[in-house]
Ligand code: FAD
Ligand code: SF4
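In this note's numbering, the protein residues as written are 12 to 533.
Structure (structure tokens):
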């Protein structure tokens, strides 16, 4: 055999550069399902099922093109359940002259494949991932010589380079680059009204097979597979895109940051997993949103707000990841040293906002950006959870989680563990933020305005405790100056009470069975 083309679970791109020059007579594809990928962090059942279902559909598409696919299934008796173990077995049997793969989405996998190829004495050709609009090298060039990285500058560069939402003179349409201030609306008190249900994809026979395997093998991992309705093929992913553009994009901009109890999808696209698995090309998504605006079907603030997430944030976080790894993952700028609260694995807490966000996360493998950043992420930041523990949680519980996108968002943007590479200041807030953006507080036994006392909101207590604990570091950050100044207004008694109440919260959060391992998940 000439080339063995390795296809990883998040590389299901029919137009992948790994397939350039593929000759069905001399080359073959290789794919492997292994337990390791669902257990190195505890992966919720919908996440594992989505990856495996999409992989098996990719295998069938390739076989239909007359290509040989060597594929290990989870239940195969000889499965070693590690990617490298399976690669070793395949190479021994097939004796290829060369291994080809597209740039993996995790440092761990990239280095493991390089070491495996060396050990096997085979050349490994690592090809550029054309799915992204900016290459790893493009981002390095962007970062070169800059003292500080900021998404906004990168985003403007990308808009210009790819001619997105520009007028004929090359200036941003609508006269400004960013409509962020129009993207922060909350729902009226009466609620969001009738929400357009996202298009659901009923599992076909192949997906049902996967669901049965996942249920059996990962019975202790959280997740509701009866509710599984994610797109698992490029056709379905395109239908999901059309459905979003028509029914939810018009209100996406206004309610991008809003939350509502019991409503997981609101006006969000649910397209991250389809894009991250490479079932959907981000260029197609961006073009569809721009076209909807040009045809007058949506306002510019919605189209721009949505495009910014994909052309801006999504490409930016990938750039940061590959620029800063591997040291990035070990940073702990705020010296956070607490265990992940046990209820992150059950949702069993009196805090209504966390109960709702964690509950839907464990059940569906989904929460939208503000739930991740300003509920689960905020609580962990204020409490001071060890970055590796909270990152492990985020990597396992979301259907769209792959490390290149999960790590900068969690470690950097949400936990400020990188000391300001991703975000210019920590996203620290009291429960009042959650009260403003949702209806959670109305049904909660805590009061978001109170920082001490039996009914004080733990977010509010921990916010003040956070400012007190990190006063010196935060005071050096101009963007935090106003917030930190308020600490000086506290009396010695106030500080003592806040700190004592924060200690009680920490003791309580760490008490019952802590972390996935102790819940018997591993
Ligand atoms: P929408 O709200 O409809 O947004 C549209 C698209 O924009 C998304 O599909 C996504 O591709 C992109 N996008 C939006 N924000 C970001 C962002 N900050 N970074 C990268 N892309 C973005 N996203 C992931 O894809 N995988 C992750 O593992 C992940 N982990 C996160 C962890 C934390 C702590 C935070 C704060 C954010 C994380 N995000 C992650 C970003 C964002 O929350 C999700 O992309 C989004 O919620 C997915 O839902 P959606 O497709 O309905 O998105
Ligand atoms: Fe969350 Fe605090 Fe509001 Fe309760 S009062 S829902 S804990 S922010």
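Built from N, CA and C at the ideal position, the CB exists for glycine as well. Since we're looking at a predicted model, the values are computed, not measured.
Which of the three DSSP states, helix, strand or coil, is assigned to residue i?
i           : result
residue 409 : coil
residue 468 : coil
residue 82  : strand
residue 88  : coil
residue 144 : coil
residue 494 : helix
residue 398 : helix
residue 194 : coil
residue 110 : strand
residue 238 : helix
residue 343 : coil
residue 45  : coil
residue 39  : strand
residue 17  : strand
residue 349 : strand
residue 261 : helix
residue 61  : helix
residue 525 : Any reading at residue 525 needs caution, since the residue's pLDDT is 44, under 50, leaving its predicted position unreliable; the model's value is listed next. Residue 525 falls in the coil class under three-state DSSP.
residue 501 : coil
residue 336 : coil
residue 28  : helix
residue 66  : helix
residue 281 : coil
residue 94  : helix
residue 275 : coil
residue 403 : helix
residue 520 : helix
residue 243 : coil
residue 512 : helix
residue 269 : coil
residue 76  : coil
residue 105 : helix
Quick check: the Cα distance between residue i and residue j, rounded to an integer number of angstroms?
i           : j           : result
residue 316 : residue 235 : 31 Å
residue 222 : residue 115 : 25 Å
residue 55  : residue 502 : 46 Å
residue 396 : residue 352 : 8 Å
residue 9   : residue 327 : Outside the displayed span of the chain (12 to 533) sits residue 9, for which this structure offers no information.
residue 22  : residue 42  : 10 Å
residue 151 : residue 130 : 30 Å
residue 507 : residue 465 : 16 Å
residue 483 : residue 60  : 46 Å
residue 493 : residue 486 : 9 Å
residue 95  : residue 471 : 47 Å
residue 510 : residue 390 : 16 Å
residue 143 : residue 149 : 11 Å
residue 535 : residue 398 : Since the first residue shown for the chain is 12 and the last is 533, residue 535 is missing from the structure and cannot be characterised.
residue 14  : residue 63  : 24 Å
residue 283 : residue 298 : 16 Å
residue 73  : residue 132 : 28 Å
residue 147 : residue 335 : 11 Å
residue 220 : residue 58  : 15 Å
residue 48  : residue 307 : 44 Å
residue 202 : residue 100 : 56 Å
residue 97  : residue 36  : 23 Å
residue 372 : residue 107 : 42 Å
residue 517 : residue 103 : 52 Å
Any heavy atom of ligand 3 within a distance shorter than 7 Å of the CB on residue i?
i           : result
residue 101 : Inclusion of ligand 3 in the displayed structure is not the case, the ligand content consisting of ligand 1 and ligand 2 alone.
Nearest chain C C-beta to residue i closer than 8 Å, yes or no?
i           : result
residue 291 : This model lacks chain C altogether, as it is built from one protein chain only.
Query - Heavy atoms of ligand 2 versus C-beta positions, residues under 5 Å - result: 362, 363, 364, 442, 445, 451, 452, 455, 457, 459, 468 and 470
Query - 4-residue-minimum alpha helix (DSSP H) runs that sit fully inside the stretch 113 to 140, ordered along the chain - result: 118 to 131
Report task. Enumerate, from N- to C-terminal direction, the unbroken alpha helix (DSSP H) stretches of 4 or more residues contained entirely within the stretch 283 to 325. Result -> The qualifying runs are 283 to 287, 293 to 305 and 311 to 318.
Report task. Enumerate, from N- to C-terminal direction, the unbroken alpha helix (DSSP H) stretches of 4 or more residues contained entirely within the stretch 411 to 467. Result -> Those alpha helix (DSSP H) runs which fall completely within the stretch 411 to 467 and span 4+ residues are 414 to 418 and 442 to 448.
Query raised in the report: For the 8 Å Cβ check, are there 3 or more pairs between the stretch 265 to 274 and the stretch 437 to 450?
Result: Per the Cβ contact rule, the stretch 265 to 274 is in contact with the stretch 437 to 450 (3 or more Cβ pairs under 8 Å).
Requested in this report: Could you tell me whether the stretch 278 to 298 touches the stretch 410 to 425, using the rule of 3 or more Cβ pairs below 8 Å?
Outcome: Verdict: yes, contact present.
Query raised in the report: Within the chosen definition, does the stretch 311 to 329 reach the stretch 258 to 265 through at least 3 CB pairs nearer than 8 Å?
Result: yes
Query raised in the report: Are the stretch 469 to 480 and the stretch 491 to 506 touching by the rule of at least three beta carbon pairs closer than 8 Å?
Result: yes
Report task. Examine the Cβ distances between the stretch 373 to 380 and the stretch 391 to 411 and report whether three or more of them are shorter than 8 Å. Result -> Inter-segment contact for the stretch 373 to 380 and the stretch 391 to 411 is present: three or more beta-carbon pairs are separated by less than 8 Å.
Query - At least 3 beta-carbon pairs within less than 8 Å: the stretch 124 to 141 vs the stretch 432 to 439 - result: no
Query raised in the report: Are the stretch 242 to 249 and the stretch 62 to 82 touching, with three or more C-beta to C-beta distances below 8 Å?
Result: yes
Query raised in the report: Per the contact definition of three or more C-beta pairs closer than 8 Å, is the stretch 26 to 36 in contact with the stretch 84 to 102?
Result: no
Query raised in the report: For the stretch 321 to 338 against the stretch 291 to 301, are there 3 or more C-beta pairs whose distance is under 8 Å?
Result: yes
Requested in this report: Please confirm if the stretch 171 to 186 is in contact with the stretch 210 to 217, defined as three or more CB-CB distances below 8 Å between the two stretches.
Outcome: no
Query raised in the report: At what residue ranges does the stretch 147 to 232 contain a whole run of the beta strand (DSSP E), taking only runs of 3 or more?
Result: none
Query - Meets three-Cβ-pair contact criterion under 8 Å: the stretch 382 to 391 and the stretch 30 to 40 - result: Touching, no.
**Report entry** Whole runs of the beta strand (DSSP E) within the stretch 371 to 396, excluding any shorter than 3 residues
**Finding:** none
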